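Accompanying notes for the structure given below.
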Amino acid sequence: MALKYSNKLAGKRVLVIGGTSGIGFSVAEACVELGAVVTVASSRQPKIDKTITRLITTYPDANDRISGHVVDLASSDVEAALRTLLDFATGAGKHTLDHIVSTAGDTLAVEKIANVTAAQAQQYGQVRFIGQLMLAKLAPHYIQRSSASSITFTGGISSTKPPPGWSALVGWNNAKEAMVRGLAVDLAPLRCNLVAPGAIDTEYLYHMAGDDAARNKELVAMFGSKSLLGKCGKPEDTAEAYLYLMRDTFITGQVIKTEGGYLLT
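Using this note's numbering, read the sequence shown as starting at 1 and increasing by one per residue.
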């Protein structure tokens with residue numbers, strides 16, 4: 001009997017930008033487990049090499065379905081960098097992608113509105129918005145243009161419930177949500193959606209803690225206390241939102257919030 005649901009990603013080609021850590025790694029890992037051909041991308045080659053080794057160690061039979069390539073969304077020529085990545089992921093046009101997931105971000109310190117400069121404000125948007133927009137510009141040349149295919153971006157619940165002092169940053173997250181709705185119209189029938197996670201226990205949270213294990217434990221407990229579920233999110237759970245958006249061929253232009261009920265507190 002053919003498997004109607006669990007095989008939806010089997011044999012599909014998936015590119016995960018930001019796939020070497022956190023939520024992105026969990027998305028890549030899940031796609032490999034579900035039988036997809038996966039390319040992970042990150043700004044640093046050592047992280048890519050480590051991720052490929054990690055995935056192959058867990059799924060040795062998937063050795064020929066896992067690859068990686070560097071891309072720097074902070075590059076002054078981000079369009080060229082993305083084109084090189086997309087050429088690699090499709091074997092220079094030999095294949096077409098079925099899904100693209102971008103969880104790429106950066107760890108820039110957030111400057112308060114009273115002190116932020118124009119240059120800093122633009123820098124906040126380089127990876128979060130400009131890089132994503134250029135990805136959407138190029139993607140139609142490399143991906144199946146049908147409702148079976150998708151591009152899934154990543155935002156954050158700060159766009160809905162901004163923390164104090166984040167004005168210069170949350171504007172870009174809101175812009176990205178609006179961009180996704182526009183892309184759903186402009187790129188149809190290719191589906192475009194966004195996942196907005198809350199506090200997730202990842203390397204990014206650890207960086208917020210100043211790479212201090214004790215402080216990180218405190219942050220995880222603090223964010224957990226602010227959710228209705230009494231816990232911080234796990235990347236392997238958040239990855240399910242991305243899998244859903246890849247597999248439901250009747251959803252586009254939407255924002256999926258996975259935040260443990262924090263927005264209701």
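Just so it is clear, CB atoms sit at the ideal spot from N, CA and C, and this is done for glycine as well. Quantities reported herein were computed from a predicted structural model and do not represent experimental measurements.
Using a Cβ distance threshold of 8 Å, E236 and S26 count as a contacting pair.
One Cα belongs to T51, the other to N63, and the distance between them is close to 12 Å. Within its own chain, the residues whose Cβ lies closer than 6 Å to the Cβ of P189, once the five positions on either side in sequence are excluded, are S146, S147, listed in chain order. For L194, the enclosing beta strand (DSSP E) stretches over residues 191-197.
Inside the stretch 69-107, DSSP marks whole alpha helix (DSSP H) runs of 4 or more residues at positions 78-89, from first to last along the chain.
Scanning its chain for C-beta atoms nearer than 8 Å, with the 5 sequence neighbours on each side dropped, one finds around Q123 the residues L108, in chain order. Of all C-beta pairs linking the stretch 223-235 to the stretch 250-260, three or more are shorter than 8 Å, placing the two stretches in contact.
In this model, D72 and G182 are separated by some 25 Å (Cα to Cα).
In the DSSP assignment, L169 falls within the alpha helix (DSSP H) that extends over 167-186.
Residue pairing by DSSP leaves A30 without any beta bridge partner.
The residues V195, I256, T258, in chain order, have a CB closer than 7 Å to that of A241 in the same chain once the five nearest residues on each side in sequence are set aside. Per DSSP, V110 lies in no alpha helix (DSSP H) segment and is marked neither H nor E. Distance from the Cα of T58 is smallest, within the candidate group V70, V78, C31, A74, for C31. F153 sits in a strand when the DSSP states are folded into three classes.
Taking all protein chains in view, the Cβ of D98 is crowded by 16 or more other Cβ atoms within 10 Å, so the residue is classified as buried. For A213, the uninterrupted alpha helix (DSSP H) run begins and ends at 213-225, by DSSP. Following the DSSP letters along the chain, one finds I256 inside the beta strand (DSSP E) bounded by residues 255-258. For D77, the closest of A114, L219, G131, G11 by C-alpha to C-alpha distance is G131. Burial of K12 is indicated by the presence of at least 16 other C-beta atoms within 10 angstroms of its C-beta. Contact between G165 and V110 is confirmed by a C-beta separation of about 6 Å, below the 8 Å threshold. In this structure, the beta-carbon distance from S67 to T84 does not fall below 8 Å. Judged by DSSP secondary structure, R247 falls within the alpha helix (DSSP H) whose first and last residues are 235-247.
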